[in-house]
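J.:
Take a look at the structure:
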């Protein structure tokens, strides 16, 4: 009785863990509101494409996709895969009021299916050669659940349902299920027809979501299909039934054929050619930075995706953060810079397991087909490393390779050896550590950098992480400049905004949120009448954290009185540098002018911002309580 109860208890605990991870995804995807119906950045572009596909038209309404669209003649099309749009066709027909509100649900489902694929892959590897899931192997599966569920870029992707994430999540989902079926076919732990069919469906999902995920699966599918055919016709096999077997194999691979045919039509309908897309007009010109793919980018990409840096650590909660990318040669990459979290830090359990998987491939003889599959997924990782843009969302491109190699390690660790027993306990510890790092850095990214989440969510994260700004030198009765009307303003590029940056997003500098702010853009100035009794001016000045993506920013802040006398001048503050605290004596000052200049280096990315700018009032002039 006890022996039967133990597996049941373990399964219940495992189910509870899966539900806990699913709840975490739901909380992140809905920004803590638990409402799946919500708008996301350009998410309605997929709804627009779904609407047009019903007319066999690949166009997208420009208002839905804006500058992320591709202009082909007089039409606007998208470069994102059409799979999320295909998923919306029937739901939008049944629930038209949900138009433009499906992104969160789509991302959540894709993330959960990706987790399910990782667990299925882990189970297949642990139970290789008919081994049972005993206590030690259950620990390994628990580690996969925690590690993949909370310690991979999937957490980052599901935390914001913007258009950039949705297609990647579905591509990853298709790819991971493809890895699962490949492993089972290689280990012959599933029937050939079932494995080929599952692999075909996986290929179509990946292809119609993001082509790079589908390339290795396509070649692996072809190799496994040829192997299956060869086995049907090898000497010694019965000739009867061969035609039926070939027909069944053809039916099994039909989803891949259908997906490939649709993708070819989609390319032709968009660009007038299946392969040539040179007639598109877009804001990005890869030729200016060395082409779309360039092998000289590999060292920089590998350093950003796998290298360890102190920039990933911060003082105070949440202690970990995504780090701004760094290139050995900026001329080879797009000028807009984003952030990454090293997989060696945020997914250390997976990187270590994959490294052990490589050793297993080298030490133990494997089939040529297994080696070929590893090389194929390595090719996908190599391809994204040559791309002209490095960002956290693209780190998902490494997961199929890492999971395939990790499954190889799991298959070896399933053997009852001493080293396997030691690693089986060490792996869950790494998985837990990876989960902490990944979740913490994801929260930091949404709080400090990501402008595509609701303001209310940023405020809640700010309070959770205790990152609300203050001006310690002006404690007491203050008047906030954001609550006053200026008496004069000059703006060369864009007008000043209150309680936001120049382009209307919340002001966050050095991971600190300033609810009261003045957002300016060089060159510009704004003048205020100094309230009676004011003795000082205080603020925190600098460039928003988001400006690190635009590395050319450099500004100088000045304060001048009614006689144009200089009261304060900051150092030259550049993108990514710490802000500066301001304190200026205002006794005898009637009018105060806040100035932002371009430091003589041009005004590109010069988003000069004043955090919590206040007039400090003398106690005698303060209103009584």
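In this note's numbering, the protein residues as written are 705 to 1329. Quick reminder that beta carbons are idealized off the backbone N, C-alpha and C, glycines included.
Consult DSSP for residue 1093 and reduce its assignment to one of helix, strand or coil.
T.: In this structure, residue 1093 counts as coil in the three-state DSSP scheme.
J.: List the endpoints of the continuous alpha helix (DSSP H) containing residue 967.
T.: 958-975 is the span of the alpha helix (DSSP H), which, as asked, contains residue 967.
J.: Can you round the beta-carbon distance between residue 965 and residue 914 to whole angstroms, since I take them to be within the 8 angstroms contact cut?
T.: That belief does not hold up - the Cβ atoms of residue 965 and residue 914 are roughly 18 angstroms apart, past 8 angstroms.
J.: Does the beta-carbon of residue 811 have 16 or more other beta-carbons within 10 angstroms, so that it is buried, or is it exposed?
T.: Per the 10 Å Cβ criterion, buried.
J.: Quick one: using the 10 Å Cβ neighbour count with 16 as the cut-off for buried, is residue 1310 buried or exposed?
T.: So residue 1310 ends up on the buried side.
J.: Helix, strand or coil: how does DSSP classify residue 1325 here?
T.: Confidence in residue 1325 is poor, its pLDDT being 42 and thus under 50, which makes the residue's placement too unreliable to answer from.
J.: Compute the Euclidean distance between the alpha carbons of residue 1059 and residue 843, then round it to the nearest angstrom.
T.: Cα to Cα, residue 1059 sits roughly 20 angstroms from residue 843.
J.: Between which two residues does the beta strand (DSSP E) holding residue 1242 run?
T.: Per DSSP, residue 1242 belongs to the beta strand (DSSP E) from 1238-1246.
J.: Exposed or buried, residue 1141, counting other C-beta atoms within 10 Å across all chains shown (16 or more means buried)?
T.: Residue 1141 should be labelled buried.
J.: Restricting to runs no shorter than 4 residues, where is the alpha helix (DSSP H) found entirely within the segment 1003-1090?
T.: Segments of the alpha helix (DSSP H) lying fully in the segment 1003-1090: 1047-1050, 1052-1067 and 1072-1089.
J.: For residue 1198, which three-state DSSP category applies?
T.: Reduced to three states, the DSSP call for residue 1198 is coil.
J.: Just the Cα atoms here: how many angstroms apart are residue 957 and residue 901?
T.: Rounded to whole angstroms, residue 957 to residue 901 spans 6 angstroms at the Cα level.
J.: Is it the case that the segment 1089-1105 contacts the segment 1027-1040, given that we only count it when at least three CB pairs across the two stretches are under 8 angstroms?
T.: With the cut-off at 8 angstroms, the segment 1027-1040 and the segment 1089-1105 touch.
J.: Examine chain B for any beta-carbon lying closer than 7 angstroms to the beta-carbon of residue 1031, and answer yes or no.
T.: Looking for chain B here will not work: only one protein chain is present.
J.: Determine the closest residue to residue 731 out of 854, 790 and 762, with distance taken between C-alpha atoms.
T.: Measuring from the Cα of residue 731, the nearest candidate turns out to be 854.
J.: Find out if the Cβ-Cβ distance for the pair residue 1239, residue 1294 is shorter than 7 angstroms.
T.: No, the Cβ-Cβ distance between residue 1239 and residue 1294 is not below 7 angstroms.
J.: Using the three-state DSSP reduction, which class does residue 1142 fall into: helix, strand or coil?
T.: Helix at residue 1142.
J.: According to DSSP, simplified to helix, strand and coil, what is residue 1229?
T.: Residue 1229 falls in the strand class under three-state DSSP.
J.: In terms of alpha-carbon separation, which member of 1249, 820, 743 and 784 lies closest to residue 801?
T.: Of 1249, 820, 743 and 784, the residue nearest in Cα terms is 743.
J.: Return the Cβ separation of residue 1026 and residue 1148 in integer angstroms, given the expectation that the two are a contact with Cβ distance under 8 angstroms.
T.: Indeed, because the Cβ distance is near 7 angstroms, the residues count as touching under 8 angstroms.
J.: Is the beta carbon of residue 1102 sitting closer than 7 angstroms to the one on residue 1085?
T.: Yes, they are a contact pair.
J.: So, does the segment 1175-1193 touch the segment 1156-1165, judging by three or more C-beta pairs under 8 angstroms?
T.: As far as the Cβ criterion goes, the segment 1175-1193 does not touch the segment 1156-1165, which means the pair count is below three.
J.: Given a threshold of 16 other Cβ atoms within 10 Å of its Cβ, counted over all protein chains shown, does residue 926 qualify as buried or as exposed?
T.: It is exposed - the Cβ of residue 926 has fewer than 16 other Cβ atoms within 10 Å.
J.: Counting C-beta neighbours from all protein chains within 10 Å, is the total for residue 845 16 or more, i.e. buried, or is it exposed?
T.: Burial call: buried.
J.: Measuring only the C-alpha atoms, how far is residue 1316 from residue 1221?
T.: So the alpha carbons of these two residues sit roughly 5 angstroms apart.
J.: Kindly list the residues whose CB is nearer than 6 angstroms to the CB of residue 1312, restricted to its own chain and excluding five residues on each side of it in sequence; keep chain order.
T.: Hits under 6 angstroms: 1224, 1226, 1259 and 1300.
J.: Considering only their Cβ atoms, is the gap separating residue 1193 from residue 1230 smaller than 7 angstroms?
T.: Yes, Cβ-Cβ distance for residue 1230 and residue 1193 is below 7 angstroms.
J.: Could you pull out every residue in the same chain whose Cβ sits closer than 6 angstroms to the Cβ of residue 1184, ignoring the five residues on either side in sequence?
T.: So the qualifying residues of the chain are 1220 and 1318.
J.: Mapping the DSSP letters down to three states, classify residue 915 as helix, strand or coil.
T.: Note: residue 915 maps to helix in three-state DSSP.
J.: On the DSSP bridge assignment, give the partners of residue 1297 in chain order.
T.: According to DSSP, residue 1297 bridges with 1231 and 1264.
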